[in-house]
Each structure stands twice: as C-alpha cells, then as structure tokens.
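Asker: Got a structure for you, questions after.
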Amino acid sequence: ITFYSVVVFLGEIREQNGDSLVHAAIVTEGAAVGSAEANAFSVLQHVLGAGPLIKRGSNVTSKLSQGIAKATTQPFDASAFNVNYSDSGLFGVYTISQAPNAGEV
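Structure follows, in structure tokens:
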C-alpha cells in the first residue's frame, strides 16, 4: 500500500468593483518539472486550450471553448494553464465572462 501526503487549500478571493466582467480560475495541484505527469498535464493543457496564438483569435480548436460555446451565446474567453516547479505544479482553467453569464461559463 502506498500512502500519499495531500495538502488541500480551499478558498476564494473576491474583489468587488464596477467592472461587468467576472474573472474566475479553478486550480489544482499539477506536477513537478521533469516528471511523467508534467508531460501529461502539458498535453491536457493544449487539448483544453492554452489560449489563442494570435490576438483576437477564435480558439476554435480548444475543447474548453467548444464546451462553453454550447452553454452560452454571450462573449467569453477561457484557457487552461500549467505551471511546473521543482517540487510541484499548478494546473487550472481561467475564464472571463459577463457577470450574468459567469455560471454558464
């Protein structure tokens, strides 16, 4: 039996301002640089969508954007991110949407 030590941080940060946009991120622990898992997270990041390569790109190959486009017709942006450090990493999704549509996105 292998036991793993797990550190969990749950929380949120809210900043109220006059902006009509909601910036949201869902983040989990990723993988350490050089590990086999780091390669898997990198592939997942690019499949989900690492963001458009050109300014104002439509990101039509992003599975994340394709899924959100089925849920809302309102403007949004979404991308996956993957950051690897020597001991661990971060993997997540970042979205921007109009406040009334944040739940759909």
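Per the working numbering, the sequence shown starts with residue 106, numbered consecutively.
For every residue, glycine included, the Cβ atom is placed at its ideal position computed from N, Cα and C.
Using the three-state DSSP reduction, which class does Ser173 fall into: helix, strand or coil?
Answerer: Translated into positions along the sequence shown, residue 173 becomes position 68. For the sequence presented, residue 173 should be read as Ile rather than Ser. Helix at Ile173.
Asker: Since Val127 is in the beta strand (DSSP E), which residue starts that stretch and which ends it?
Answerer: Residue mapping note: residue 127 aligns to position 22 of the sequence shown, counting from 1. Here the beta strand (DSSP E) through Val127 covers 126–134.
Asker: List the whole-angstrom C-beta distance separating Gln171 from Ser202, where the pair is believed to meet the contact cut-off of C-beta under 8 Å.
Answerer: On the sequence shown, position 66 is the one that residue 171 refers to. On the sequence shown, position 97 is the one that residue 202 refers to. At roughly 16 Å, the Cβ-Cβ gap does not stay under 8 Å, so Gln171 and Ser202 are not in contact.
Asker: Which class does Ala204 belong to by DSSP, given the choice of helix, strand or coil?
Answerer: On the sequence shown, position 99 is the one that residue 204 refers to. It is helical.
Asker: If I follow the unbroken alpha helix (DSSP H) through Ser147, where does it start and stop?
Answerer: The residue you call residue 147 lines up with position 42 of the sequence shown. Counting along the chain, the alpha helix (DSSP H) containing Ser147 begins and ends at 141–153.
Asker: Taking just the CA atoms, how far does Tyr199 sit from Ile131?
Answerer: Position 26 of the sequence shown holds residue 131. Position 94 of the sequence shown holds residue 199. Going from the Cα of Ile131 to the Cα of Tyr199 covers about 7 Å.
Asker: Based on the DSSP output, what are the partners of Ala183 in its beta bridges?
Answerer: What you label residue 183 is simply residue 78 of the sequence shown in a count that begins at 1. BP columns for Ala183 point to Thr200.
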